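>
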Amino acid sequence: MTGEKNRPLRLAEQLRQEIARLVARDFGDPRLKELLVVSVSLTPDLRLARVFWRLALLAGPNIDLEQRRKDAQIALEHASGRLKSAVTSRLKLRFAPELRFKYDEGQEARDRIEELLEEIKREKH
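Under the working numbering, the residues of the sequence shown are numbered 56 to 180, in order.
1) With DSSP run on the structure shown, which of helix, strand or coil describes residue 97?
2) Between the segment 82-90 and the segment 151-171, are three or more C-beta pairs nearer than 8 Å?
3) If I follow the unbroken beta strand (DSSP E) through residue 110, where does it start and stop?
4) Answer with buried or exposed for residue 138, where buried requires no fewer than 16 other C-beta atoms within 10 angstroms of its C-beta.
5) Which of the three DSSP states, helix, strand or coil, is assigned to residue 60?
6) Note down the Cα distance separating residue 79 from residue 90, rounded to an integer number of angstroms.
7) Report back the beta-carbon spacing between residue 106 and residue 156 to the nearest angstrom; my notes put them in contact at under 8 Å.
8) In three-state DSSP terms, what is residue 155?
9) At the level of alpha carbons, what is the spacing between residue 108 and residue 158?
10) How is residue 66 classed by DSSP in three states: helix, strand or coil?
11) By DSSP, does residue 146 sit in helix, in strand, or in coil?
12) What is the rounded straight-line gap between the Cα of residue 141 and the Cα of residue 135?
13) Out of 64, 73, 160, which one is the CA nearest neighbour of residue 147?
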């Protein structure tokens, strides 16, 4: 019984690893070049997988981060059928979970909090 409770967690991690590998190696789309698969959450019935991702962004004055995120989201949605088929086959799943891609804003929020804390610290001194 305990194994069944942990199955969505185990499978979510396997999906994360496999999707990350596929995007990095098997998909030649330059819009996905710097994509990082952060986590995957599965519904208890294993039919829906929410794939959280972000970009390993290089800072620079000419980089439009918002446009790069939009482009990556479009590329992921375009590749979702191939990804779904590949992970289902490679992980030998009976049912193919629907893949929904969502940008993970968590790291940006943490970075912004760190910036604000540093700013407060400097103002106190």
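C-beta atoms are modelled at their ideal positions from N, C-alpha and C, and glycine is treated no differently.
Being a predicted model, the structure only gives us computed values, none of them experimental.
According to the structure data:
1) Here DSSP, grouped into helix, strand and coil, assigns residue 97 to strand.
2) Touching, no, given that fewer than three Cβ pairs across the two stretches are closer than 8 Å.
3) Looking at the DSSP string, the run of the beta strand (DSSP E) that includes residue 110 is 103-110.
4) So residue 138 ends up on the buried side.
5) In the displayed model, residue 60 falls within a helix according to three-state DSSP.
6) Their Cα atoms are separated by approximately 8 Å.
7) For a cut-off of 8 Å, the C-beta gap from residue 106 to residue 156 is around 5 Å, short enough to register as a contact.
8) In the structure shown, residue 155 sits in a strand (DSSP, three-state: E or B).
9) The straight-line gap from Cα to Cα measures roughly 5 Å.
10) In the structure shown, residue 66 adopts helical secondary structure according to DSSP, grouped into three states.
11) Reduced to three states, the DSSP call for residue 146 is coil.
12) If you take the alpha carbons of residue 141 and residue 135, they lie about 10 Å apart.
13) By alpha-carbon distance to residue 147, the top candidate from 64, 73, 160 is 73.
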